[in-house]
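In the numbering used here, the protein residues as written are 10 to 657.
This is the structure in structure tokens:
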């Protein structure tokens, strides 16, 4: 393999060497003509030496090329002599640059710099196969000239020298990248050649062997097909296989329905019971889908065709095609899918139920066959809210377009005054005095009217605009804090919501440090995070970021506690100052929810973490939370979110 690599690199070097010689000759003739009025005799001497060296290099190249055509092998001696000639040529150019830049001015000096730079730039490609000699060539062309420019003391020349050094550095990196690219390409080519040689050998063997060997080859082909188009865990068609299925069968108008099946809360099973248990769930779901497809394909259900695939992760595809009259309807199939998968299953010695979100799209509701799976996914998203099988409608497409429009407009809205902030007070549970203010964003779209944060915040997170939006909110919160403090007559902290996506940005903590480096005290800022920060996949990065934020003096609160990934084991590991119990627990009359609140308050108190209750709408609720030991309260009972005075 190594010998083959050297031989191919050598072939590439020989192929480019002749081109390099021709370019070098043209450059020599060009610079000789440009500097022909030189009276010192140096240019003629230099040109003679350069032409002689070029001729010598050409002869050496012919000998090396002739030997390669005969042997097709890499010879170290030939490589050495060609590289020596190349470096020698670069040395001559270095001499010209050193002498010419000091000797000439104006256009002639400019011509020398341009030719040296052009030769160096071209060398990143033509000499990319010569790892050491190519870099030496580039450095010899550029570095002496840069030194000479720097020594002149002229400001413009010094700046040009600095730019030349930067250019040399970039050329070195480019040359190295091109060298790696050549090696990688040759490596892949050699690997492919090995595969082709192996295939050729197998073909010859097939000609000599009997039908048994032919059967083995056929089996191997099936294995390759299975790896390419089938999921290894479940044995179902994988995503490529599903795409190939649709391409093969095509779309017959009015006949095809695609179901996208998403396993609800699968991550909790996977994390809580282990990945092996998660794999068992996926396999059992796959088996149930295959069994249902086989059952539906029988004649008793009419003339239908069903295929099953794993779309990826915890998502499956069920492809349903009606081939005749009297067959099951897509709606009936959707009900059967939900019933079949939702049945209890045994996993790791436990009985569990797996709920599903099913989105479906019929071909007649899809403007483009390529969008079948996209629209099914959109419908599955709607199914998460309804709990039923949801069929895609044109209205959902409009929702998708609205999201796209909002994403495009939101970025511009951040800078053109369409966004504003409101404050929502958080008060002490004991005396209802102001404790802090949560800063919330509002969007007044010039054409669509007021856009709810419930709508545009998810759009911002999905599109990545949440970073810009979050920075804007933090700036606004810090600007509002002095006025809020003046209005309250005492120190007031401001709270801003930060998404997991923002928190995981590499520069988030650095930006927060910069934001709070002026007159604003970090101790007056509260960062509110949703429970998504407890996501197992990101917990290490989250922990690192939160401890850095805490070192700044910023408070850290967990919002909507109790609705997602929350666990006190995680809270113990993180520098949390307060948790906000979700309003669903506060507004419920269920005694179980009261017990949960009591437990949360008890544990939080032991951990020295404050508890804030959201969604307080009545005095009775406020008093109940106080009696339970909650520290602070927030809700419409204490005032709705309000805009700041216009003087801000």
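Built from N, CA and C at the ideal position, the CB exists for glycine as well.
Given the structure is predicted, the values throughout are model-derived calculations rather than measurements.
query	result
With DSSP collapsed to three states, give me the class of residue 307.	coil
Grab me the residues of residue 40's own chain with a C-beta within less than 6 Å of its C-beta, minus the 5 sequence neighbours each way, in chain order.	124
Pick helix, strand or coil for residue 530, following the three-state DSSP scheme.	coil
For residue 556, is the classification buried or exposed, using 16 other Cβ atoms within 10 angstroms of its Cβ as the cut-off for buried?	exposed
Which one of 559, 42 and 590 has the shortest CA to CA distance from residue 567?	590
Would you mind sorting residue 70 into buried or exposed? The rule is 16 or more other CB atoms within 10 Å of its CB.	buried
Pull up the distance between the alpha-carbon of residue 533 and that of residue 464, whole angstroms please.	29 Å
Where do the N-terminal and C-terminal ends of the beta strand (DSSP E) with residue 502 fall, by residue?	502-507
Within its chain, find whatever has a CB closer than 8 Å to the CB of residue 262; leave out the 5 residues flanking it on each side and keep chain order.	With a pLDDT of only 49 at residue 262, under 50, the local geometry of the prediction cannot be trusted, and the value read off the model is given with reservation. Once the five neighbours on either side are set aside, the close Cβ partners of residue 262 are 372 and 373.
Closer than 8 Å by C-beta to residue 67: which residues in its own chain qualify, once you throw out the five before and the five after it? Chain order, please.	30
Counting along the chain, where does the alpha helix (DSSP H) carrying residue 133 start and finish?	115-135
Within the chosen definition, does the region 391-411 reach the region 282-295 through at least 3 CB pairs nearer than 8 Å?	no
Using C-beta distances below 6 Å, list every residue in its chain close to residue 159, excluding the 5 sequence neighbours before and after it, in chain order.	167 and 170
Per DSSP, residue 355 is paired with what?	360
Do you know how far the Cα of residue 431 is from the Cα of residue 418?	21 Å
Report all residues from its chain with a CB closer than 8 Å to the CB of residue 455; omit the five preceding and five following residues, and keep chain order.	427
Taking the continuous beta strand (DSSP E) assigned at residue 318, which residues delimit it?	313-321
May I ask you to report which of helix, strand or coil DSSP gives residue 569?	strand
Pull up the distance between the alpha-carbon of residue 643 and that of residue 282, whole angstroms please.	37 Å
Under 8 Å by Cβ, that's how I've got residue 538 and residue 512 pegged, so tell me the actual separation to the nearest angstrom.	7 Å
Just to confirm my understanding: we take residue 552, look at its own chain, exclude 5 residues before and 5 after, and list those with CB closer than 7 Å. What are they?	582 and 583
Given that a residue counts as buried once 16 or more other Cβ atoms are within 10 Å of its Cβ, and exposed if not, what is residue 319?	buried
Kindly confirm or deny that the region 341-353 and the region 241-253 touch, where touching means at least three C-beta pairs closer than 8 Å.	no
When we look at the beta-carbon of residue 433 and count the other beta-carbons within 10 Å, is it buried (16 or more) or exposed?	buried
For residue 421, count neighbouring C-beta atoms within 10 Å of its own C-beta (all shown protein chains included) and say buried if the count is 16 or more, exposed if not.	exposed
Please check the pair residue 618 and residue 587, which I expect to be a contact at CB under 8 Å, by giving their CB distance rounded to whole angstroms.	6 Å
Would residue 2 be called buried (16 or more neighbouring beta carbons within 10 Å of its own) or exposed?	Residue 2 lies beyond the residue range present for the chain, which begins at 10 and ends at 657; the question has no answer from this structure.
To the nearest whole angstrom, what separates the beta carbons of residue 131 and residue 251, a pair I think is in contact under 8 Å?	About 48 Å; that fails the 8 Å criterion.
Whole-angstrom Cβ separation of residue 620 and residue 613, contact assumed at under 8 Å?	5 Å
Should residue 317 be labelled buried (16 or more other beta-carbon atoms within 10 Å of its own) or exposed?	buried
For the beta strand (DSSP E) that contains residue 418, what are its first and last residues?	Premise fails: residue 418 lies in the alpha helix (DSSP H), 403-424, not in any beta strand (DSSP E).
Tell me the DSSP secondary structure of residue 469 in three-state form.	helix
When DSSP labels each residue in this structure, what does residue 588 get in the three-state scheme?	strand
Is it buried or exposed, residue 350, if we count other Cβ atoms within 10 angstroms and call 16 or more buried?	buried
Just mark residue 651 as buried or exposed, buried being the case when its beta carbon has 16 or more other beta carbons within 10 Å.	exposed
Could you check if residue 627 is buried or exposed, using at least 16 other CB atoms within 10 Å of its CB as the buried criterion?	exposed
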